[in-house]
Amino acid sequence: MATYDIEIILNRQLADCLSIPVFITDTAGNLIFYNEPAETILGSRFGDTGEMPVEVWGTIFKPLDEKGKPLPPEGLPLVKTLKDQLPHHKVFWIESLKGKPQKISVTSYPIIGRMGKFLGGVAIFWENKDI
Amino acid sequence: MKVSVQGVRGSIPTSGSQTTQFGGNTSCVTLMEDGRMIILDGGSGLQKVTLPDPEVKRVDILLTHFHLDHIQGLGFFSPLFDPDKEIHIWGPSSITHNLHSRLNRFLSPPLFPVLMRDLPCEIVLHDVSNSSFEIGPFTITSQFVIHPGATVGFRIKGKSAVFAYVPDHEPALGPKGLIFDKKWISGFELMEEADLLLHDGQFTTEQYGKKIGWGHSSMEDAIQLAEYVGVKRLLLTHHDPAHSDTKLNEILDALKSKHTGQLDFDLAREGMEIELG
Ligand SMILES: [Zn+2]
Ligand SMILES: [Zn+2]
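Same order as they appear, the protein sequences are chains A and B.
Each residue of the first sequence is one higher than the last, beginning at 1 in the working numbering.
Each residue of the second sequence is one higher than the last, beginning at 1001 in the working numbering.
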C-alpha cells in the first residue's frame, strides 16, 4: 500500500505524544494506528497487532447505553464521522476488558487534508469524564 | 540527466570568505536532459542560471514552497524580463490561496518593485499537490512533505535515471523520530530507490534537538532515511547559514568516520555537476 498522506502521519505523531487514548482510521474505518493509552482500552499492543480491519476492531468494543443495552454502531461518533465527515461527541458505556461497564466520552473528528480531501478519522476516548 | 547544483544554503544567502567552498546561495538546482532544462526552486542560486539555448521560448521553474530562500532569486532571473519568454511556474497551492496570490505576495511592492502582471514575459502558473505531470523528457511526481506551510518534494524521472529533490523536510517530526515503515515516512514514494537524492540536512543531531518543528532535518536522520528508502546516492543540502566551510568539513568528517553502512553520501556544493544514468 502507498504511503499515508502527511496529515495522517502527523496525526499519528501527535497521538504518540498524548496521554489520552487516540484511535486513527482510514476512510473505510480500518484502524491504522492507536497510541499507548489506547492499547490499554483495546487490550492489545499496536506493535503486535499492526493495523486492524474495521470488522475486527469494530467488534472489540461493546458500546452500551445508560441502561446497559447495546448501542447500534450507527450512533457511535467515529462511525458518524466516517459517514458525514463531521466531528461528533457522545458519552456512553463500554464493557471493559474485565467485563465491567465503563463510562467514556468519545470525540471524533475527520482528517480533511490540505487539498480538502477526506483522509480518515480520529477518535479520542476521554475516560471516566463527563464532557 | 545532468544535475547542476546552483544553491545549497538554507534560510538566507550567506556570502563571504567562510562559505566559498560549499557556497552561499540558497536553494536552486537545474536538470538537463536532451537539451531541455528544468529549474528546481528559485533561491538566490537562480540568479546565475543561464538558459542552454537562448532561443528557447519556454522555461520551467518548479517551486517546492514559498519560503523566501526558495523564491528570492525569481525576481532577478533575467528571462522574466524578456517578452519572448514563456515562464512556467509550478508550485504548491493551498485551499485558501492559489498559486497566483501566493506568488504575487512576493512579486509585488513593497517586497519587489515590479508587479507580476507587469513583467514583460508571459507567466503560466501550474498548481501542484500530490500530482504527476510531464515536462519534455521529464516525468515528475510531486507530493506534500512535512515542512511548515504547503511544501512539496519532487521525484523527477529522466530517460534513464531518477532524481529526488526534497530540500526542506522534517520527516522525523514526532516523539519517536523517524518511523521505519514505508507507509509512515513522509515523502517515501518520492525518494524510493532514486539514483540521487538531494535532501535537507541543515542540522547536526545536537542542533536538531533544539530546533524540532522548524521543518528541517539532522544530517544523521537524512542519512538513515536515505538508507531506508534505498537511494544510490545522497547529497545533503540546505546548509545552515551558521555553518562555515570549516564547520561543514568537520561535520562531514565526523559523519563519515561514524558511518558503517554502504550509502554514498556527501554535502552538496554550489557548482556541482552530476551526470546520472
Ligand atoms: Zn528552505
Ligand atoms: Zn522552507
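We put the beta carbon where it would ideally sit given N, CA and C, even for glycine.
In this text, all values refer to a predicted model and were calculated from it rather than measured experimentally.
Where does residue i land, buried or exposed, given buried means 16+ other C-beta within 10 angstroms?
i	result
C1028/B	buried
H1259/B	exposed
P1113/B	exposed
A1133/B	With the sequence shown as reference, residue 1133/B is identified as Phe, and Ala is not the correct amino acid for it. Counting Cβ neighbours within 10 Å, F1133/B comes out exposed, since fewer than 16 surround it.
I1012/B	exposed
V91/A	exposed
R1117/B	exposed
S1244/B	buried
V56/A	exposed
G1091/B	buried
T25/A	buried
D1200/B	buried
D48/A	exposed
D1264/B	exposed
F1066/B	buried
F61/A	buried
T1141/B	buried
V1128/B	buried
Does the CB of residue i have a neighbour CB from chain B at under 8 Å?
i	result
R45/A	no
D65/A	no
A2/A	yes
G116/A	yes
I6/A	yes
Check whether the Cβ of residue i lies closer than 8 Å to any Cβ atom in chain A.
i	result
K1176/B	yes
L1255/B	no
F1188/B	yes
K1157/B	no
W1184/B	yes
L1046/B	no
L1173/B	yes
Under the DSSP definition of a beta bridge, which residues are partnered with residue i?
i	result
S1218/B	F1203/B
I1156/B	I1140/B, F1163/B
G120/A	I111/A
H88/A	S108/A
F1133/B	I1140/B
T1026/B	R1009/B
F1265/B	L1234/B
W93/A	L64/A, K103/A
V56/A	V56/A is not bridged to any residue.
G1091/B	D1127/B
Can you give me the C-alpha to C-alpha distance between residue i and residue j, rounded to a whole angstrom?
i	j	result
G116/A	G1153/B	19 Å
F1144/B	G1187/B	7 Å
L1235/B	L1198/B	5 Å
H1100/B	S1094/B	11 Å
I32/A	G50/A	7 Å
I1156/B	L1276/B	12 Å
Y54/A	H1126/B	As written in the sequence, residue 54/A is Val, which differs from the Tyr given in the question. The straight-line gap from Cα to Cα measures roughly 39 Å.
T1205/B	S1218/B	5 Å
I111/A	I8/A	7 Å
S65/A	T3/A	The sequence as given places Asp at residue 65/A; Ser does not occur at that position. Straight-line Cα distance between these residues: approximately 38 Å.
A1226/B	P101/A	49 Å
N1025/B	L10/A	31 Å
H1097/B	H1238/B	26 Å
R1105/B	L1062/B	18 Å
E1273/B	F1180/B	32 Å
D16/A	F125/A	14 Å
P1083/B	G1136/B	22 Å
G134/A	E1192/B	Outside the displayed span of chain A (1 to 131) sits residue 134/A, for which this structure offers no information.
A1161/B	G1010/B	26 Å
K1211/B	T1019/B	23 Å
T1246/B	H1088/B	39 Å
M52/A	H89/A	23 Å
S1257/B	L1190/B	29 Å
Q85/A	P37/A	25 Å
Hey, would you say the C-beta of residue i is under 7 Å away from at least one heavy atom of ligand 3?
i	result
D1069/B	Because ligand 3 does not appear in the structure shown, any question about it cannot be addressed here, the ligands present being ligand 1 and ligand 2.
Counting only Cβ-Cβ distances shorter than 9 Å, please list the residues of the segment 1079-1101 of chain B near chain A, keeping chain order. Taking 9 Å as the upper bound on Cβ-Cβ separation, chain A lies near residues P1092, S1093, S1094, I1095 of the segment 1079-1101 of chain B.
Closer than 7 Å, Cβ to Cβ, to anything on chain A: give me those residues from the segment 1118-1134 of chain B, in chain order. S1129
The segment 4-34 of chain A: positions lying closer than 9 Å to chain B by Cβ: Here the close residues are Y4, D5, I6, E7, I8, I9, L10, R12, Q13, L14, D16, C17, I32, F33.
Residues in the segment 1136-1170 of chain B having any Cβ partner in chain A nearer than 7 Å: F1144, V1145, I1146, A1150
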